[in-house]
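A quick write-up on the structure given underneath.
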Amino acid sequence: MTVTRFAPSPTGYLHIGNLRTALFNYLIARKTGGQFILRLDDTDRERSRPEYVDGIKTDLDWLGLHWDRVERQSERLDRYAAQAEALRAAGRFYECFETPSELDLKRKKQLNMGRPPVYDRAALALDADARDRLRAEGRQGYWRFRLDHERIEWTDGILGDLSIDAASVSDPVLIRADGQVLYTFASSVDDMDMGITHVVRGADHVTNTATQVQIIAAMGGTPPAFAHHSLLTGAQGEALSKRLGTLSLRDLRAQGVERMALLSLMARLGSSQPVVLAESLDEIAAGFDLSQFGAAPTKFDAADLWPLTRQHIQRLPFAAVADRIAALGVPQDIAPRFWDVMRENIDRLDDLADWWALCRDGATPDIATEDAAFVAQALEMLPPRPWGPETWKDWTGAVKTATGRKGKALFMPLRKALTGRGHGPDMADLMPLLQRAPARQ
Ligand code: GLU
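Just so you know, the sequence shown maps onto residues 599 to 1039 in the numbering used here.
What follows is the structure in structure tokens.
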């Protein structure tokens, strides 16, 4: 059975880049009737926060990316300790004592000599006495995994055949001096223990994958199939990393982006398949094909979410918005009509509130000085409410006859007098919804 996982660290809210990872893993499980696990990578106790855990769950719920179960790394520390012990016994973990500044100095020297800044394994040469002496000096040991210096190869679900020379990678630090288990290790233990079959994640993890393939093998496990999607850039190709905070899913939701717009775009962006607005996650899953994605960075423009959001809204039947419209206080008898008139004229569902306020209370008229006399005369001729579908035509017809105005010069000042806006629904449709006549000018 296919088992995938989405493994955010609860150190912030999910952003558009995280969504891509979550969605791909969800879709792979969904397509094959497999399982999708939400794994919280929360071994960093200082930076992990309960409100981010809640935020992550709220976002995934909103998107409909439902998980089969939640796993928390902070609850699996015993398991990591046991595996660390086994790898120590097998000679794959070794204790190091260099400080960050000593390591930095080593790296600088290597770079100066034109060599890659790979950890030189000096600590491997320390015997028990040397280690004791360093401890007596007050140094605290941390643990690296000793890579086998061979080529690490896998067929990546997106990048194709990859081959990385392990000698070009530093032995990864897996346990810090304070005992904190680092992600690279915890994730390897989890992927093995939880029977993860497929991992899709960002291309920034390719080197991690190389080391994790060896770590999992050293523990006697079989590595999952890996795929690395490209990273998102801004619309001009600029790095998005600093702006990702402003592209959080909760902000996009608050701005009124519709979930199907977001899901439809992110399931196709960066692939050779066209972006089409889907009706459901099932439809997205059916059309999802990881092999269609390319390695090049993927340009993301949040503006692309709006046409899809509008398209989605226009398709919504009244039943889908009935509760929302009722909550605005729109009387039941006109609610379906209100929806029919408004759906083509809004960018986001929140705009309904403004339109209902306008219908209910009337608008502050927008009357140009040169139109004041004309508008005053026209309003004198406005029949009393209630207004029907013919009112606009009848009224403007009579005004035209009385004033000789026609076309835009006739309609636009009257629209602005009634709605305070230069655009919006057809006035013939809107007038029957207006609950108040404008004050005579
Ligand atoms: N917590 C890691 C991250 O957010 C997970 C990466 C992975 O999928 O293995 O980058």
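The beta carbon of each residue, even a glycine, is placed where N, CA and C say it ideally should be.
Exercise. Measure the C-alpha to C-alpha separation of H1021 and E881 and round it to an integer number of angstroms.
Key: 35 Å
Exercise. Check whether the Cβ atoms of I756 and A825 lie closer than 8 Å to each other.
Key: yes
Quiz prompt | Rounded distance between the beta-carbons of A884 and Q812, thought under 8 Å | solution = About 37 Å; that fails the 8 Å criterion.
Quiz prompt | Distance CB(F695)-CB(L732) smaller than 8 Å | solution = yes
Quiz item: When a residue counts only if its C-beta is closer than 5 Å to some heavy atom of the ligand GLU, which residues count, in chain order?
Solution: A605, S607, D639, S785, R799
Quiz item: Quick one, which of G819, I773, R913 has its alpha-carbon nearest T795's?
Solution: G819
Quiz item: Using the rule of at least 16 other Cβ atoms within 10 Å of the residue's Cβ for burial, across every protein chain shown, is T609 buried or exposed?
Solution: exposed
Exercise. Mind checking which residues open and close the alpha helix (DSSP H) that includes A971?
Key: 970-978
Practice problem: Evaluate D769 with the Cβ neighbour count: other Cβ atoms within 10 Å of its Cβ, from every protein chain shown; 16 or more gives buried, anything less gives exposed. | Solution: buried
Quiz item: At what residue ranges does the stretch 677-716 contain a whole run of the beta strand (DSSP E), taking only runs of 3 or more?
Solution: 691-694
Exercise. Please name the residue in H803, G800, A859, Q810 whose C-alpha comes closest to that of M790.
Key: Q810
Self-check item: Within the stretch 856-926, ranges of the alpha helix (DSSP H) (whole runs, at least 4 residues)
Solution: 857-864, 879-884, 903-913, 916-925
Quiz item: Terminal residues of the continuous alpha helix (DSSP H) containing R647?
Solution: Element bounds for R647: n/a, residue is neither H nor E.
Quiz prompt | Every unbroken beta strand (DSSP E) within the stretch 600-662, with a cutoff of 3 residues, ordered by chain | solution = 601-604, 633-638
Quiz prompt | Separation of L906 from A859, as counted between CA atoms | solution = 5 Å
Quiz item: Which residues bound the beta strand (DSSP E) around V668?
Solution: 667-670
Exercise. Please report the residue range of the alpha helix (DSSP H) in which A994 lies.
Key: Reading off the sequence shown, one finds Thr at residue 994, where the question assumed Ala. That run of the alpha helix (DSSP H) goes 989-1001.
Quiz prompt | Where the alpha helix (DSSP H) containing I756 begins and where it ends | solution = Careful: I756 lies outside any alpha helix (DSSP H) and carries neither H nor E.
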